[in-house]
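Read in order, the letters of the sequence shown correspond to residues 296 to 685 in the numbering used here.
Beta carbons are placed, not taken as given, at the ideal position from N, Cα and C, and that holds for glycine.
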Amino acid sequence: DGWEELQELCKEKGRVEAYYFSVTPALFGDLAERLHYWGMAGPESRIVVEKPFGRNLATAKHLNATLAAHFDEHQIYRIDHYLGKETVQNLMAVRFGNMLFEPLWNAQYVDHIQITVAETVGVGGRGEYYDKAGAMRDMVQNHLMQLLCLIAMEPPARFDPDAVRDEKLKVIRALDPVLPHHLMRGQYEADHSHEKSHPSYREAVGDPRSKTESFIALKTHISNWRWAGTPFYLRTGKRMSARSSEITVVFKETPHSIFGEDAGRHRNVLSIRLQPNEGITLGVTIKEPGPGGMRLIDVPLDMTFAEALGGDSEQVDAYERLIMDVIRGNQTLFMRGDEVEAAWAWTDPIIQGWEERGEVPKPYESGTDGTTDSHELMRRDGRKWREVSP
């Protein structure tokens, strides 16, 4: 079955060996046991496992225990390709490498934070898997949760894997439960407006009564000293208007405008784009040029990495970067077992709540930015979602 051949390839002493488990989680335990049986679970061995890492807290604990039976935690790399993106890693550089931002990075100065991960594709060939998972399990519990942690965490004592992950874990444990009226779910409808028609979500998964969400928007808070009272808005969905992943930090208005009401009210907005054009934009307020008095306008200070660093700058693929970290033994950008369990401990009650209430996702038009009530969620708070743009 190939194990003897693999053992022969890996018998050289002192060499780093990384085993990538690109299989269903149900096979993680069997593979770990086989590697151990064939003597390939030595101190320099590493295993890489992809999401979904469990379906709920119970299954995540079971998977952690199964892998821990044969490998130490420092040998287990739970990969999330979002964390390999250049801009995601720049979150820590922007926050902790610039005196400009960190003093303002708290509830006193930040009005709210938005995290949006929008896709234009539907479920495609992943219908069977996706209908058992949905946007909450497939995206929020891992990708969006990790982005939330990096944007909200306290400064670690040093740039060290456990120091960083300790701070991320504190954020997850401080997350408030999501109230029912702060959660919106949707399913995309069919799109026949183009030459090539696209089926609805239910048509794509082959279940006319599916209650699985392809879109989700929610509001939560972090109950700690830094962020008390600051809302965090998260949304993700398929068949939206553009492919875009962005974190938006909206700062509060100045406490008093010396320019009068005619000048308008303005906020600074820091936008961190993860895809498709990685970069950072800071919106600043300036005087509109001309003799018309003191009229204020907002203009962007834009740094697109490809332009700012030159066309010849090295842009490494997210997976390439993470695999290199596996070889180097650097776990900073990989989730620890207790992180995964804490994320499920927050996610499980949300899912159980809508299942107990028998809620059905609301339809939304393909090519739009989600359900109508997701925009109402923001309007109730006197805010609005940042426009999804490619």
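Leu-443 is not a Cβ neighbour of Val-416, given a cutoff of 8 Å. Residue pairing by DSSP places Met-387 in no beta bridge whatsoever.
Residues Trp-639 and Asp-643 of the same chain have their beta carbon placed closer than 7 Å to that of Asn-351, with the five preceding and five following residues left out of the count.
Remark: C-beta atoms of Pro-586 and His-407 do not approach each other more closely than 8 Å. Within the stretch 562–637, the complete beta strand (DSSP E) runs of at least 3 residues fall at 564–570, 574–582 and 591–599. Put simply, of Ile-645, Met-589, Arg-538 and Val-473 the residue whose alpha carbon is nearest the alpha carbon of Leu-569 is Arg-538. Proximity of the stretch 466–486 to the stretch 385–397 falls short of the contact definition, fewer than three beta-carbon pairs being nearer than 8 Å. The shortest C-alpha to C-alpha distance from Thr-411 to any of Glu-423, Met-434 and Gly-429 is the one to Met-434. Under the criterion of beta carbons closer than 8 Å, Pro-595 and Thr-576 qualify as touching, at roughly 5 Å. Pairing Trp-298 with Leu-330, the inter-Cα distance amounts to about 9 Å.
In this structure, DSSP gives Gln-403 a state outside helix and strand, which the three-state scheme calls coil. Phe-396 carries a coil assignment under DSSP once its states are collapsed to helix, strand and coil. When only Cα atoms are considered, Arg-562 and Leu-617 end up about 36 Å apart.
Ile-374 is positioned such that its CB atom lies no closer than 8 Å to that of Met-431. Put simply, the stretch 356–369 touches the stretch 626–637. At least three CB pairs are less than 8 Å apart. Counting along the chain, no beta strand (DSSP E) covers Val-500; the unbroken alpha helix (DSSP H) around it starts and ends at 496–500.
Beta-bridge analysis with DSSP links Thr-515 to Phe-527. Taking all protein chains in view, the Cβ of Tyr-496 is crowded by 16 or more other Cβ atoms within 10 Å, so the residue is classified as buried. DSSP places Ala-313 in the uninterrupted beta strand (DSSP E) bounded by 312–316. A residue is called buried once 16 or more other Cβ atoms fall within 10 Å of its Cβ, and Ser-661 is buried on that count. With a contact defined as Cβ atoms closer than 8 Å, Glu-462 and Pro-451 qualify at about 5 Å.
Note that the C-beta distance between Asn-401 and Arg-521 is below 8 Å.
For Pro-503, no beta strand (DSSP E) encloses it, and the DSSP letter there is neither H nor E.
Annotation for Lys-346: Asn-437 place their beta carbon closer than 6 Å to its own, counting only its chain and skipping 5 residues before and after. With a cutoff of 8 Å on beta-carbon distance, Leu-378 and Ile-446 are scored as not near each other. With contacts defined as CB atoms closer than 8 Å, Val-405 and Phe-546 qualify as a contacting pair.
Here Thr-411 carries a strand assignment [DSSP, helix/strand/coil].
About 7 Å separates the beta carbon of Glu-541 from that of Arg-681, a gap short enough to meet the 8 Å contact definition. In this structure, the straight-line span from the alpha carbon of Asp-593 to that of Thr-663 is close to 26 Å. With a beta-carbon spacing of about 6 Å, Ser-669 and Arg-530 fall inside the 8 Å limit used to define contacts. Straight across, the Cα-Cα distance linking Leu-304 with Ala-485 is about 50 Å.
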